[in-house]
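Numbering (the working numbering), first residue to last: -10 to 303.
This is the structure we're talking about:
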């Protein structure tokens, strides 16, 4: 189902994983800009491209969507427009995290009322809370909302790392359904599966490790590369997801080899500057980013161009 979060009210008697399935290739959607304003016409073009090429979900207002430099009004409107344009075709996981718990609650409540299917809540950055602080942060969000929540654990940006034991405690709360793991530590997939079981959703936040991540029990990726290669990423996820009846090891490995140069190119400079340049090359939107990010250098453009050519996207 993609009917929006209102369908989850009173879900206490059921596993959230029984109510909705998040899996596969889920682009962390870029936010197009024009003259430093959100370009909603281009956003429509981007979303139609992603949905039309078999993406399994969408994440607006994540890091790739430049959420740190969006105003509250822009953030909320982008979530609303994404839900409207999508029109229940695929699940929407709205980025609603903040290092301010009250702000995270506000964004999560807005996403729920707007009709998002889930919220992606990043670990609070800069503040450096303890594990107890992390638990209380998510607990407070859960107590003030009825939308499924996916933990976003990304120590490289947040400085802190949520332990698996903390996730075990959080999983006892009715809203918490899984994690977007951007630690890069593949052993955590095994440990999380061991301690939390198959019903706890595991999505990777690292495109480059998606093949091994799925081999160990993961079910998909919240992906940067999927912004520009949605069909290849979707096919790759279908073939590499062990729970998929169409899983095919050889095809998964073949597509993984095609994707690896793209994955590398997307992070030669700070995300999302490279993926926005690639999106411009594909005619989806301008490559404008907001300060303190800047457009990629000519050397990086050459790397991206070669990766796009090798994947036959241009």
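Ideal placement from N, C-alpha and C gives every residue a C-beta, glycine not left out.
On a predicted model such as this, the values are computed, not experimentally measured, just so you know.
Tell me whether residue 176 sits in a helix, a strand or coil according to DSSP, three-state version.
As a position in the chain shown, residue 176 is number 187, starting the count at 1. Note: residue 176 maps to helix in three-state DSSP.
Take the Cβ of residue 389 as the centre, count every other Cβ of all protein chains shown within 10 Å, and call the residue buried at 16 or more, exposed below.
With the chain represented from -10 up to 303, any question about residue 389 goes unanswered, as that position is not in the structure.
Residue 285, DSSP secondary structure in three states
Position 296 of the chain shown, counted from the first residue, corresponds to residue 285. Residue 285 sits in coil when the DSSP states are folded into three classes, being neither helix nor strand.
Looking only at its chain, what residues have a beta carbon closer than 8 Å to the beta carbon of residue 370, apart from the 5 residues adjacent to it on each side?
The requested residue 370 is not part of the displayed model; the chain covers only -10 to 303.
First and last residue of the beta strand (DSSP E) that includes residue 138?
Here residue 138 corresponds to residue number 149 of the chain shown, with the count starting at 1. Looking at the DSSP string, the run of the beta strand (DSSP E) that includes residue 138 is 138 to 142.
Less than 8 Å between the CB atoms is what I'm expecting for residue 277 and residue 263, so what's the real figure, rounded?
By one-based count along the chain shown, residue 277 stands at place 288. By one-based count along the chain shown, residue 263 stands at place 274. That pair is no contact at about 14 Å.
Contact set for residue 329: own chain, Cβ-Cβ below 7 Å, skip 5 residues either direction:
Because residue 329 is not part of the residues shown, which for the chain are -10 to 303, the question remains open.
Who are the near neighbours of residue 99 in its chain, counting only those whose CB is closer than 6 Å to its CB and skipping five residues on each side?
What you label residue 99 is simply residue 110 of the chain shown in a count that begins at 1. The answer, listed in chain order, is 65.
Look at the alpha carbon of residue 235 and the alpha carbon of residue 199, and state the distance between them as a whole number of angstroms.
The residue you call residue 235 lines up with position 246 of the chain shown. The residue you call residue 199 lines up with position 210 of the chain shown. For residue 235 and residue 199, the distance between alpha carbons rounds to 17 Å.
Quick one: what does DSSP say residue 84 is sitting in, helix, strand or coil?
As a first step, residue 84 must be located in the chain shown, where it is residue number 95. In the three-state scheme derived from DSSP, where H, G and I count as helix and E and B as strand, residue 84 is classed as strand.
Output the residue ranges of the alpha helix (DSSP H) runs that lie fully inside the stretch 242 to 301 and measure 4 residues or longer, sorted by chain position.
Contiguous alpha helix (DSSP H) elements confined to the stretch 242 to 301 occur at 262 to 270, 287 to 299, taking only those with 4 or more residues.
Best match in 251, 138, 105, 10 for proximity to residue 196 [C-alpha to C-alpha]:
For this step, residue 196 is matched to residue 207 along the chain shown. Taking only the C-alpha atoms, the option nearest residue 196 is 251.
From the DSSP output, in three-state form, read off residue 76 for me.
Counted from its first residue, the chain shown places residue 76 at position 87. In the structure shown, residue 76 sits in coil (DSSP, three-state: anything other than H, G, I, E or B).
Do residue 69 and residue 103 have their beta-carbon atoms positioned less than 8 Å apart in this structure?
Here residue 103 is taken as the residue at index 114 of the chain shown, counted from 1. Here residue 69 is taken as the residue at index 80 of the chain shown, counted from 1. Result yes, Cβ atoms of residue 103 and residue 69 sit closer than 8 Å.
If you count every other CB in all the chains shown that lies within 10 Å of the CB of residue 306, and 16 or more means buried, which is it?
In the structure displayed, the chain extends from -10 to 303; residue 306 sits before or after that span and is not available.
Three-state class that DSSP yields for residue 11 in the structure shown
Along the chain shown, one-based indexing puts residue 11 at 22. Here residue 11 sits in coil by DSSP.
Distance, Cα to Cα, residue 132 vs residue 141?
Within the chain shown, the letter at position 143 stands for residue 132. Within the chain shown, the letter at position 152 stands for residue 141. Going by the C-alpha atoms only, they are around 18 Å apart.
In angstroms, rounded to a whole number, what distance separates the CA positions of residue 179 and residue 117?
Mapped onto the chain shown, residue 179 falls at position 190. Mapped onto the chain shown, residue 117 falls at position 128. Distance between the alpha carbons of residue 179 and residue 117 is about 26 Å.
Go to residue 148, then tell me how far its beta strand (DSSP E) extends in each direction, as first and last residue.
Counting from one through the chain shown, the residue named residue 148 turns up at place 159. Per DSSP, residue 148 belongs to no beta strand (DSSP E) and is neither H nor E.
How many whole angstroms separate the CB atoms of residue 302 and residue 217, which I take to be in contact at a CB cut-off of 8 Å?
In the chain shown, residue 302 corresponds to position 313, counting from 1. In the chain shown, residue 217 corresponds to position 228, counting from 1. Contact holds; Cβ gap of about 7 Å.
Let me confirm a value: residue 164 is counted as buried when at least 16 other C-beta atoms fall within 10 Å, else exposed. Which label applies?
Numbered from 1 along the chain shown, position 175 holds the residue referred to as residue 164. Flag for residue 164 reads buried.
Kindly indicate which three-state DSSP category residue 202 falls into: helix, strand or coil?
Within the chain shown, the letter at position 213 stands for residue 202. The three-state secondary structure of residue 202, taken from DSSP, is helix.
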